[in-house]
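*Asks:* Count along the sequence shown from 1, then add 11; that gives the number in the working numbering.
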Amino acid sequence: MPHITIEIQKNTRENYTLPPLKFYTHLKQLYIAVLAVLFGLQLHAQTLLKKHVADFSVNHLSVPQALEKLSNETNVLFSYQSDIFKDAKSVNIDVKNETVEKVLAQMLHHSFLFTEENGYIVIRKAAFRIIEGIVLDDSTGEKIDNAFIYTMPATTKVQTNIDGKFIIKIPLDTTINYLCISKDFYTDKIISLENIDDEKQTISLRQMPVPELPPVTSETKNTYEKNVALHLFGGTSHGVNGLEAGTVFNYNKGNGSIIQIAGAVNIIEKSLNGVQLAGIHNYVGDTARGLQLAALLNKTEGEEDGVQIGAINHAKHLKGLQIGLINISDSSDGYSLGAINISGSKYFPAVSFFATDMMSTNAEIKLGNRKLYTSILAGANFFTKHIGYIGFGLGHDFVINQRMIFSTVFNWGMFWETRYLDGEKHGILHITKFDDNSISDINYLLEFRPSFSWRFAKRYSLFGGPVFKRYIDHFAGKTKYGIGWQLGISNDSWIKTTVRSSNSSDRSWSLQPALLPNFNTIGFRLLGYDVRVLKNLPDNMAFIATTGMAKLDNWYADYGINPNANSVPVFYQMAGLKIFATQHFFAAMQIGMSFKNHDIKERFLYAPEVGWDIGKRISLSMQYFKLEQDILSLRFGYTLWKSR
Numbered sequence: 012m013p014h015i016t017i018e019i020q021k022n023t024r025e026n027y028t029l030p031p032l033k034f035y036t037h038l039k040q041l042y043i044a045v046l047a048v049l050f051g052l053q054l055h056a057q058t059l060l061k062k063h064v065a066d067f068s069v070n071h072l073s074v075p076q077a078l079e080k081l082s083n084e085t086n087v088l089f090s091y092q093s094d095i096f097k098d099a100k101s102v103n104i105d106v107k108n109e110t111v112e113k114v115l116a117q118m119l120h121h122s123f124l125f126t127e128e129n130g131y132i133v134i135r136k137a138a139f140r141i142i143e144g145i146v147l148d149d150s151t152g153e154k155i156d157n158a159f160i161y162t163m164p165a166t167t168k169v170q171t172n173i174d175g176k177f178i179i180k181i182p183l184d185t186t187i188n189y190l191c192i193s194k195d196f197y198t199d200k201i202i203s204l205e206n207i208d209d210e211k212q213t214i215s216l217r218q219m220p221v222p223e224l225p226p227v228t229s230e231t232k233n234t235y236e237k238n239v240a241l242h243l244f245g246g247t248s249h250g251v252n253g254l255e256a257g258t259v260f261n262y263n264k265g266n267g268s269i270i271q272i273a274g275a276v277n278i279i280e281k282s283l284n285g286v287q288l289a290g291i292h293n294y295v296g297d298t299a300r301g302l303q304l305a306a307l308l309n310k311t312e313g314e315e316d317g318v319q320i321g322a323i324n325h326a327k328h329l330k331g332l333q334i335g336l337i338n339i340s341d342s343s344d345g346y347s348l349g350a351i352n353i354s355g356s357k358y359f360p361a362v363s364f365f366a367t368d369m370m371s372t373n374a375e376i377k378l379g380n381r382k383l384y385t386s387i388l389a390g391a392n393f394f395t396k397h398i399g400y401i402g403f404g405l406g407h408d409f410v411i412n413q414r415m416i417f418s419t420v421f422n423w424g425m426f427w428e429t430r431y432l433d434g435e436k437h438g439i440l441h442i443t444k445f446d447d448n449s450i451s452d453i454n455y456l457l458e459f460r461p462s463f464s465w466r467f468a469k470r471y472s473l474f475g476g477p478v479f480k481r482y483i484d485h486f487a488g489k490t491k492y493g494i495g496w497q498l499g500i501s502n503d504s505w506i507k508t509t510v511r512s513s514n515s516s517d518r519s520w521s522l523q524p525a526l527l528p529n530f531n532t533i534g535f536r537l538l539g540y541d542v543r544v545l546k547n548l549p550d551n552m553a554f555i556a557t558t559g560m561a562k563l564d565n566w567y568a569d570y571g572i573n574p575n576a577n578s579v580p581v582f583y584q585m586a587g588l589k590i591f592a593t594q595h596f597f598a599a600m601q602i603g604m605s606f607k608n609h610d611i612k613e614r615f616l617y618a619p620e621v622g623w624d625i626g627k628r629i630s631l632s633m634q635y636f637k638l639e640q641d642i643l644s645l646r647f648g649y650t651l652w653k654s655r
């Protein structure tokens, strides 16, 4: 085995030599230099935004132009994406002895963030808009604590502190339009965000002349609940479970197991489990289980598993019952009872053309779903010029298989015809005016129309069956019963439409003239016209103002007033709202006055209207209004001009 020797040398103090003193001097200098550079960078980073601006003034410049001028005057460089200022307002400021940071805040109104990177001030769009303020008593000037400040629609809520001050962050990517300030025994104040230019607000609240009744509260299992909220004018609550009443409006930001009663408007931001009663409008932001009753409009953004009763009802998904003139649902597993029902169903609206034993030509529109639909139909006998017909009905479909359906429809309708004393008869399109030897006659028809339908193509079906009818002859004073037949074809895609999005950003103005043939006169021989101005509003609505002229039969010729005139003109002005149920179908209501002409008196008038927009220019509708005579007109409108 070989011999191995390991030698270990010990490092002793004698053989260890210290670095020269000059080495420490260089190390100290290097350390000081590094600190100086770091401190200088930090000092530079702090001084860009804090840099002093002696005098800076711009008028009606865009933000990029104003930033360029500020950069030239301060030698500060700015970095930003080119498209972030596309919605910003023009800049108008005049400042003296301010920092760059404060100048930027005044230019951009806290909608942007400013940071310093690599010798630049980097500007980015902020996720929030921050509004600070103080709430004061209008009469005494005292600071009001514990006042609620919240957004409308409701997403954010804060309270004032003991000094009456608040800070609220408003997300910039939402559709928030208003701030509401609420305090017990004070009148609520609503401020449009468009009118807030200064991010520091002073808000004054006025005390109510008659104290508002405070909510009755109870404490159960450490949960603070409001059972009753009574508002003298209107007010906001945060989850009332009981009764909420206001003479004008109620606004509940939470869920409500509640009875909500208002003279005009009820709003629940989340779910309803109870009753809403309003003079104009009820709104639920999520699911509704209970009753909504309003004179004009009920709307539920989620599932409607209750009852809606109003002139217009709208539910996102219907599982309950709608009763109204116009019922709308994006999808439906429930029942809609009304004149017009839009359900988003795969098989509706459906259009049918058919013949019967009484009339050679009939057209029918079915609106709703297979559980319950309305039937609107019109017909005429063009071969004998005998009769015209308009009817309305209700129906239900029994599905046998994918191709076979058994339909049941109950119809009630009116016939009208001209009976001459010599026995001749003239129908709806005859243009001769009635004379002394003629009688205008209206008869009534009640029908039960069962039929079998066979779908022979994707959208087309053939149908036929018997017709059981009860005919009331007004001229002869007799009632007749009989059995007839029907045979026709139907299609469920010709007038297919979708429910219109409520987030439309169109706020344009438009001008639309129209011709209005009078449906009440034989051969539509009396022609009126109007000119309409429209302004698109949020939530699928438009303001409309109309000036027009209608022609009436001259009932006054026998009294020596224009004895040779077949008609007399009547002029009118009115205004109202147009509400879109779908992309194409709409309903409108206007009120106004007619102007005196001869012995026709000035009078208040109202004009309901339903119609269909064809493309971007053409509007076809039916409008009713009452002057000295009932006027039922077809309206053919054409949009001549529309703003951008």
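Glycine residues also receive a C-beta, built at the ideal position from the N, C-alpha and C atoms.
Less than 8 Å separating the beta-carbons of Gly335 and Asn324?
*Replies:* Within the sequence shown, the letter at position 324 stands for residue 335. Within the sequence shown, the letter at position 313 stands for residue 324. Cβ atoms of Gly335 and Asn324: closer than 8 Å.
*Asks:* Counting only the same chain and skipping the five closest in sequence on each side, list residues whose C-beta sits under 8 Å from that of Glu127.
*Replies:* Reading the sequence shown from its first residue, position 116 is the one you call residue 127. Hits under 8 Å: Ala56, Leu59, Leu60 and Val133.
*Asks:* What is the DSSP secondary structure of Leu243, counted as helix, strand or coil?
*Replies:* Indexing the sequence shown from 1 puts residue 243 at position 232. Shown here, Leu243 sits in coil according to DSSP, grouped into three states, outside any helix or strand.
*Asks:* Please report the Cβ distance between Ile141 and Met118, rounded to the nearest whole angstrom; I am assuming they are in contact, meaning their Cβ atoms lie under 8 Å.
*Replies:* Translated into the one-based positions of the sequence shown, residue 141 becomes position 130. Translated into the one-based positions of the sequence shown, residue 118 becomes position 107. The Cβ separation is near 16 Å, so there is no contact.
*Asks:* Our contact map puts Gly257 next to Gly245 with C-beta atoms below 8 Å; I'd like the distance itself, whole angstroms only.
*Replies:* Looking up residue 257 in the sequence shown gives position 246. Looking up residue 245 in the sequence shown gives position 234. Sure, about 5 Å apart at Cβ, within 8 Å.
*Asks:* Roughly how many angstroms lie between the CA atoms of Trp520 and Val544, to the nearest whole one?
*Replies:* Taking the sequence shown and counting its residues from 1, the one referred to as residue 520 is at position 509. Taking the sequence shown and counting its residues from 1, the one referred to as residue 544 is at position 533. Trp520 and Val544: Cα-Cα distance of roughly 7 Å.
*Asks:* I need the straight-line Cα distance from Arg460 to Val420, nearest angstrom please.
*Replies:* Here residue 460 refers to the residue found at position 449 when the sequence shown is read from its first residue. Here residue 420 refers to the residue found at position 409 when the sequence shown is read from its first residue. So the alpha carbons of these two residues sit roughly 5 Å apart.
*Asks:* Which residue from His595, Arg628 and Val579 puts its Cα closest to that of Phe606?
*Replies:* For this step, residue 606 is matched to residue 595 along the sequence shown. Ranking His595, Arg628 and Val579 by Cα distance to Phe606 puts Val579 first.
*Asks:* So Arg115 is in the alpha helix (DSSP H); what residue range does that whole segment cover?
*Replies:* As a first step, residue 115 is located in the sequence shown; it is residue number 104 there, counting from the start. Contrary to the premise, residue 115 reads as Leu rather than Arg in this sequence. Val111 to Leu119 is the extent of the alpha helix (DSSP H) around Leu115.
*Asks:* Could you name the residues that DSSP lists as bridge partners for Asp408?
*Replies:* Counted from its first residue, the sequence shown places residue 408 at position 397. In DSSP, Asp408 forms a bridge with Ser418.
*Asks:* When the Cα atoms are used, what is the spatial distance from Lys382 to Lys562?
*Replies:* The count along the sequence shown starts at 1 and reaches residue 382 at position 371. The count along the sequence shown starts at 1 and reaches residue 562 at position 551. Each residue's Cα considered, the two are about 43 Å apart.
*Asks:* Reducing DSSP to helix, strand and coil, say where Lys264 ends up.
*Replies:* Start at 1 with the first residue of the sequence shown, and residue 264 comes out as number 253. The answer is coil: DSSP assigns Lys264 none of H, G, I, E or B.
*Asks:* Give the straight-line distance between the Cα atoms of Tyr91 and Pro75, rounded to the nearest whole angstrom.
*Replies:* What you label residue 91 is simply residue 80 of the sequence shown in a count that begins at 1. What you label residue 75 is simply residue 64 of the sequence shown in a count that begins at 1. Whole-angstrom Cα-Cα distance: 9 Å.
*Asks:* Between Asp316 and Ser215, how many whole angstroms is the CB-CB distance? I'm expecting something under 8 Å.
*Replies:* Working through the sequence shown from its first residue, we reach residue 316 at position 305. Working through the sequence shown from its first residue, we reach residue 215 at position 204. That belief does not hold up - the Cβ atoms of Asp316 and Ser215 are roughly 44 Å apart, past 8 Å.
*Asks:* What ranges does the beta strand (DSSP E) occupy inside the segment 131-174, keeping only unbroken runs of at least 3 residues that lie completely in it?
*Replies:* 131-136, 139-148, 159-163 and 168-170
*Asks:* Going by the CB atoms, is the gap between Ile160 and Phe139 shorter than 8 Å?
*Replies:* Here residue 139 corresponds to residue number 128 of the sequence shown, with the count starting at 1. Here residue 160 corresponds to residue number 149 of the sequence shown, with the count starting at 1. Their beta carbons are not under 8 Å apart, which means Phe139 does not touch Ile160 by this criterion.
*Asks:* Among Phe463, His71, Val114 and Phe89, which residue has its Cα nearest to the Cα of Lys100?
*Replies:* Taking the sequence shown and counting its residues from 1, the one referred to as residue 100 is at position 89. Taking only the C-alpha atoms, the option nearest Lys100 is His71.
*Asks:* On the premise that Lys310 lies in contact with Tyr294, defined as a C-beta separation below 8 Å, what is that separation, rounded to the nearest angstrom?
*Replies:* Here residue 294 refers to the residue found at position 283 when the sequence shown is read from its first residue. Here residue 310 refers to the residue found at position 299 when the sequence shown is read from its first residue. Contact holds; Cβ gap of about 5 Å.
*Asks:* Rounded to whole angstroms, what's the CA-CA distance from Phe426 to Asn188? Just pull it up for me.
*Replies:* Looking up residue 426 in the sequence shown gives position 415. Looking up residue 188 in the sequence shown gives position 177. Distance between the alpha carbons of Phe426 and Asn188: 53 Å.
*Asks:* May I ask which residues mark the beginning and end of the beta strand (DSSP E) holding Thr85?
*Replies:* Mapped onto the sequence shown, residue 85 falls at position 74. Unbroken run through Thr85 is the alpha helix (DSSP H), Val74 to Thr85; no beta strand (DSSP E).
*Asks:* Would you call the CB atoms of Gln497 and Thr367 closer than 8 Å?
*Replies:* Along the sequence shown, one-based indexing puts residue 497 at 486. Along the sequence shown, one-based indexing puts residue 367 at 356. For Gln497 and Thr367, yes; Cβs fall inside 8 Å.
*Asks:* Grouping DSSP H, G and I as helix and E and B as strand, with all else coil, what is Glu280?
*Replies:* Within the sequence shown, numbered from 1, the residue matching residue 280 stands at position 269. Of the three classes helix, strand and coil, the one that applies to Glu280 here is coil, per DSSP.
*Asks:* Checking 8 Å against the spacing of the C-beta atoms, do Ile207 and Gly175 come in under that value?
*Replies:* Taking the first residue of the sequence shown as position 1, residue 207 is located at position 196. Taking the first residue of the sequence shown as position 1, residue 175 is located at position 164. Not in contact: Ile207 and Gly175 (Cβ atoms no closer than 8 Å).
*Asks:* Taking the Cβ atom as the reference point for each residue, do Leu307 and His328 lie within a distance shorter than 8 Å?
*Replies:* The sequence position of residue 307 within the sequence shown is 296, counting from 1. The sequence position of residue 328 within the sequence shown is 317, counting from 1. In this structure, His328 does not lie closer than 8 Å to Leu307 by Cβ.
*Asks:* Please tell me whether Gln523 and Thr558 are closer than 8 Å, where the distance is taken between their beta carbons.
*Replies:* On the sequence shown, position 512 is the one that residue 523 refers to. On the sequence shown, position 547 is the one that residue 558 refers to. No, the pair does not count as a contact, with Cβ atoms beyond the cut-off.
*Asks:* Quick check on Ala468: buried or exposed, where buried means 16 or more other Cβ atoms within 10 Å of its Cβ?
*Replies:* Sequence index remark: in the sequence shown, residue 468 carries index 457 (1-based). With fewer than 16 Cβ atoms within 10 Å of its Cβ, Ala468 is classed as exposed.
*Asks:* Please classify Lys526: does DSSP put it in a helix, a strand, or coil?
*Replies:* The residue given as residue 526 occupies position 515 in the sequence shown. Note on identity: in this sequence residue 526 is Leu, with Lys being the wrong assignment. Note: Leu526 maps to strand in three-state DSSP.
*Asks:* Under 8 Å Cβ to Cβ from Ala65, same chain only, skipping five residues before and after it: list those, please.
*Replies:* In the sequence shown, the residue the question calls residue 65 occupies position 54. Contacts found: Lys107 and Asn108.
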